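**Q**
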Amino acid sequence: MSDTPIIEVSHITKRFKGLTAVKDVSFTIKRGAITGMIGPNGAGKSTTFNMICGYYPPTEGKIFYDGKDITDKKAYDYTNMKVSRTFQIMKPLKNLSVLDNVVASAWFGHAAAKNERQAREKAMEVLQFTGLYEKRHVLSKDMGTPDQKRLEMARALATSPQLLFLDENMAGLNPAETEEAIKLIRRINESGVTIFLIEHIMQAVVSLCEEVIVLHHGEKIAVGTPDEVMNDPYVMEVYLGVKKEDADA
Ligand SMILES: Nc1ncnc2c1ncn2[C@@H]1O[C@H](COP(=O)(O)OP(=O)(O)OP(=O)(O)O)[C@@H](O)[C@H]1O
Ligand SMILES: [Mg+2]
């Protein structure tokens, strides 16, 4: 396995007209690991994701995938690079069954199922893996939030990614559902998929991530293990809203 990070982000900045959403941010995503990104609302997390995923290019800076410059690549080039993502706002095909949603991803993703039979086989495998098999005939719009989230994950997995981006995939889940989602993410990672996730639920970040990057007002303010960043006085102050002295008191 190569030591080159799967993703290297170098000094990226994103400006939307007057607003600087991301400012001079650099970090790497280690191959095979689960890396997290946290930060308050509006910190620039989704914007960072969108740039790495080729949704829009950075205003400044460079992005490398497997050591190759992909700064100006478009999202549709990405399936060829074995990168897949979920969106903060879920985008299932509402009037299709769970199965057809996943078949569509298997077919149009880079896994390049050559025919419908192959796409269906891949979909069945992914539905079993994600625990959605029993619900494969339910229309996606008729499912509750936890299953919708699972479906998002299943659709992403149907493209056989090497690298999976999850943007707040656990938002709206209760603690038991969160535990289930954590287990599924861990299993996906154990199957060899590198994961980069944005998450507000600290329980998930702490239990899953090897390394965490903290953004605040578009800037990277800390990076380290979950334990290191949670104990960083600046992170505690700006992100958790407590001063170190108060927390220790
Ligand atoms: N397409 C856009 N056009 C203009 N401003 C944008 C756009 N996308 C994001 N922003 C702004 O950039 C800043 C960062 O937004 P972003 O969505 O990246 O934050 P976030 O960290 O993902 O927040 P949240 O936790 O609420 O999802 C915000 O001020 C947001 O309003
Ligand atoms: Mg966001």
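Residue numbers for the sequence shown follow the working numbering, so the first one is 11 and each next one is one higher.
For glycine and all other residues, C-beta sits at the position ideal for the given N, C-alpha and C.
From a predicted model like this one, the values you see are computed outputs, not experimental measurements.
Could you tell me if residue 51 is buried or exposed, where buried requires 16 or more neighbouring beta carbons within 10 angstroms of its beta carbon?
**A** Under this definition residue 51 is an exposed residue.
**Q** Could you work out which residue in 41, 66, 24 is closest to residue 33 when comparing CA atoms only?
**A** 24
**Q** Helix, strand or coil: which one does DSSP assign to residue 19?
**A** strand
**Q** Taking 6 Å as the limit between beta carbons, can you name the residues of its chain near residue 245, skipping five residues before and five after?
**A** 224, 232, 239
**Q** Count the other CB atoms within 10 Å of the CB of residue 186; is the residue buried (16 or more) or exposed (fewer)?
**A** When all chains shown are included, residue 186 counts as exposed.
**Q** Which residue's Cα is closest to the Cα of residue 191: 159, 165, 204?
**A** For the residues 159, 165, 204, the minimum Cα distance to residue 191 belongs to 159.
**Q** CA-CA distance, residue 41 and residue 77?
**A** 12 Å
**Q** From what residue to what residue does the beta strand (DSSP E) around residue 70 run?
**A** 70–75
**Q** Please output, in chain order, the residues near ligand 3 using a CB cut-off of less than 6 Å to any non-hydrogen atom of the ligand.
**A** Of the ligands this structure carries, namely ligand 1 and ligand 2, none is ligand 3.
**Q** Could you please give the first and the last residue of the uninterrupted beta strand (DSSP E) stretch that includes residue 95?
**A** 93–95
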